[in-house]
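> One structure, pasted below without further comment.
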Amino acid sequence: MTLTEIVDIQKIRADFPVLDQEINGKKLVYFDNAATTQKPIAVINALKHYYEFDNANIHRGIHTLAERATRDFEATREAVRKFLGAASTEEIIFTSGTTNGINLVASTYGRKFIKEGDEIIISGLEHHSNIVPWQMLCEEKGITLKVIPVNDRGELDMEVYDQLLSEKVKLVSVNHVSNALGTINPIKEIIAKAHAVGAVVMIDGAQATSHLDIDVQDLDADFYAFSAHKLYGPTGVGALYGKKALLEAMPPYMGGGEMIKEVTFEKTTYNELPYKFEAGTPNIADVVALKAALEYMDSIGRDKIAAHEDMLLQYATEQLLQIEGLRMIGEAKNKVSVASFVIEGIHPQDIGVLLDNLGVAVRTGHHCTQPLMKRFNILGTTRASFAVYNTIEEVDRLIAGLHRVKKMLA
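Just so we're aligned: 43 in full-length UniProt numbering is position 43 of the sequence shown, and the numbers increase by one with no gaps anywhere.
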């Protein structure tokens, strides 16, 4: 099967204006999709339309612009509910992104329900945004933080996870997919085992939502956070799913307008879900444009997107392994379209700079996963991550570029 039999690649590429440019005299190859995806014209137009025709504050106005802005804002909430498979829009809280969502849970659920002597489990695959908030909570309250180790293939050691679980564990927080390695974690199993000892589970879905079908009810996730910019949407917006009963039991995260029901100098009562957690004027335009991103993915078909990306990953991996001195970091059996590697004797930053000179954009460094890099005894990797608009020909340019880098530096 060829790539064009899976998706209409030229039609898709025409939807992304940023791809039609040259970098250092070379046609841009964008392989930094795990950091952020590019935006289709549908998303750009949604932002433009909002500011040209509908710009107004939401929920508190009775004029036409306010009503249109509110309608479109809440339409995105319903689209996110459907995208995640949530039971109700009351369970969808708009945030500035995954980091904000994790911090919200740590600062509200964590502070209220996790006490001194309790334990929290995270994994060795985590992004700093799913490490630091829990460390801060542990330091503040005398909680113990435990870590599921990672094996040589970049997979979680589930036998050790079983050993870490006990009635002392009150929360488990892991990523659905590793941003640094692409590993897909067995989160349904992780969640079920955590629930068996009475713990709740926070899932960092930042790297999963552009690649996998998500059904939070089937997963039985307690919390699930994602960022729009990872799935062809705008920066600065995301969503947190939480089970209604948990959200109702949690205190507000921030105080201000919108999150209140009644304010007096003696006492304030709080708004209903989800608005209790949405203080102040939100990022209305980008929330509206998020719906366009979700619709764009559905117009292609998430199954086709995944198949296209997997084909690119398999081809890229085969070609990369033929480069002498190159070692793949992260060879999990189940992974998304992330190829992370090191080349003996060459610093990842040098690889990134020279590839950029050839018009190829990759990410280099520790990818906000310093403990994971330490696990593999490396300073960082070069990471090429693929999206629906990438092609086999672009992978060939990456490989040719790496051969050129080796000739120059090895």
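Each residue gets a CB set at the ideal place from its N, CA and C atoms; glycine is no exception.
Just to confirm, are S340 and T381 a CB contact at a threshold of 7 Å?
Going by C-beta atoms, S340 is nearer than 7 Å to T381.
> Per DSSP, what kind of secondary structure is F277 in: helix, strand or coil?
Reduced to three states, the DSSP call for F277 is helix.
> Does DSSP put Y270 in a helix, a strand or coil?
Strand, per DSSP.
> From which residue to which residue does the beta strand (DSSP E) around D118 run?
Neither: D118 is in no beta strand (DSSP E) and is coded neither H nor E.
> Return the CA-CA distance between D8 and F31, expressed in angstroms with no decimal places.
Between D8 and F31, the C-alpha separation is close to 19 Å.
> Measuring CA to CA, which of L137, T183, G238, M136 is closest to V150?
Minimum Cα distance to V150 is reached at T183.
> I think residue 449 touches K141, with their Cβ atoms under 8 Å apart; what is that distance to the nearest whole Å?
Missing from the structure shown is residue 449; the chain here goes from 1 to 410 and no further.
> For P274, is the classification buried or exposed, using 16 other Cβ atoms within 10 angstroms of its Cβ as the cut-off for buried?
Under this definition P274 is a buried residue.
> For L156, list the residues DSSP reports as bridge partners.
Per DSSP, V150.
> When DSSP builds the beta bridges, which residues end up paired with T364?
T364 pairs with T382.
> For M22, which of helix, strand or coil comes out of DSSP?
Reading off the sequence, residue 22 comes out as Glu, not Met. Strand at E22.
> Could you tell me how far apart the beta carbons of V29 and R363 are, in whole angstroms, since I believe they sit closer than 8 Å?
The Cβ separation is near 13 Å, so there is no contact.
> Give me the Cβ distance between L355 and V405, rounded to the nearest whole Å; I'm assuming they're in contact under 8 Å.
That pair is a contact at about 7 Å.
> If the criterion is Cβ atoms closer than 7 Å, does the pair Y224 and I203 meet it?
Taking 7 Å as the Cβ cut-off, Y224 and I203 qualify as a contacting pair.
> Just how far apart, CA to CA, sit T269 and L219?
If you take the alpha carbons of T269 and L219, they lie about 33 Å apart.
> In angstroms with no decimal places, state the Cα-to-Cα distance between Q38 and Y232.
Each residue's Cα considered, the two are about 6 Å apart.
> Look at the alpha carbon of I23 and the alpha carbon of A361, and state the distance between them as a whole number of angstroms.
Their backbone Cα atoms lie some 9 Å apart in a straight line.
> Does the Cβ of Y82 have 16 or more other Cβ atoms within 10 Å, making it buried, or fewer, making it exposed?
The question names Tyr, yet the displayed sequence has Lys at residue 82. With fewer than 16 other Cβ atoms within 10 Å, it is exposed.
> Counting only the same chain and skipping the five closest in sequence on each side, list residues whose C-beta sits under 7 Å from that of D54.
Hits under 7 Å: L65, R68, A69, D72.
> Going by DSSP, what residue range makes up the alpha helix (DSSP H) through E331?
Taken as a continuous stretch (DSSP letters only), E331 belongs to no alpha helix (DSSP H), as it is neither H nor E.
> For Q207 and L358, what's the separation of their Cα atoms in angstroms?
Distance between the alpha carbons of Q207 and L358: 27 Å.
> Thinking S227 and G97 are a contact (beta carbons under 8 Å), I'd like their distance in whole angstroms, please.
That pair is a contact at about 4 Å.
> In this structure, how does DSSP classify A225 when only helix, strand and coil are distinguished?
Here A225 sits in strand by DSSP.
> Is the Cβ-Cβ distance between T144 and V287 less than 7 Å?
Not closer than 7 Å, so no.
> T2: buried (16+ other C-beta within 10 angstroms of its C-beta) or exposed?
Bear in mind that the predicted position of T2 carries a pLDDT of just 49, short of 50, making it too unreliable to give a figure here.
> From the DSSP output, which residues share a beta bridge with A239?
Note: A239 sits in a beta bridge opposite F94, F226.
> Using the rule of at least 16 other Cβ atoms within 10 Å of the residue's Cβ for burial, across every protein chain shown, is A194 buried or exposed?
The residue is buried, with at least 16 neighbouring Cβ atoms inside 10 Å.
> Rounded to the nearest angstrom, how far is the Cβ of L290 from that of I93, given a contact under 8 Å?
About 13 Å separates the two Cβ atoms, so there is no contact after all.
> Provide the residue span of the beta strand (DSSP E) that contains F323, from first to last.
Position check: residue 323 holds Ile in this sequence, whereas Phe was assumed. Note, I323: premise wrong, no beta strand (DSSP E); not H, not E.
> Whose C-alpha, out of G205, C138, I6, is nearest the C-alpha of I102?
Out of G205, C138, I6, G205 has the C-alpha closest to the C-alpha of I102.
> Round the Cβ separation of A403 and I323 to the nearest angstrom and send it over; I've been treating them as touching at under 8 Å.
First, the residue type needs correcting, since residue 403 is His and not Ala in the sequence shown. Yes, they are in contact, since the Cβ atoms of H403 and I323 sit about 7 Å apart, within 8 Å.
> Between which two residues does the alpha helix (DSSP H) containing L290 stretch?
Taken as a continuous stretch (DSSP letters only), the alpha helix (DSSP H) holding L290 covers 284-300.
> With a cut-off of 8 Å, do at least 3 Cβ pairs link the region 243-250 to the region 296-316?
The region 243-250 is not in contact with the region 296-316.
> Among all the DSSP beta bridges, which residues are the ones paired with A339?
Answer is A384, bridged to A339.
> Starting from the Cα of F16, find the closest Cα among A35, A34, P40 and give me that residue.
Comparing Cα-Cα distances from F16 to each of A35, A34, P40, the minimum goes to P40.
> Could you tell me whether the Cβ atoms of A285 and Y50 are closer together than 7 Å?
A contact, by the Cβ cut-off of 7 Å.
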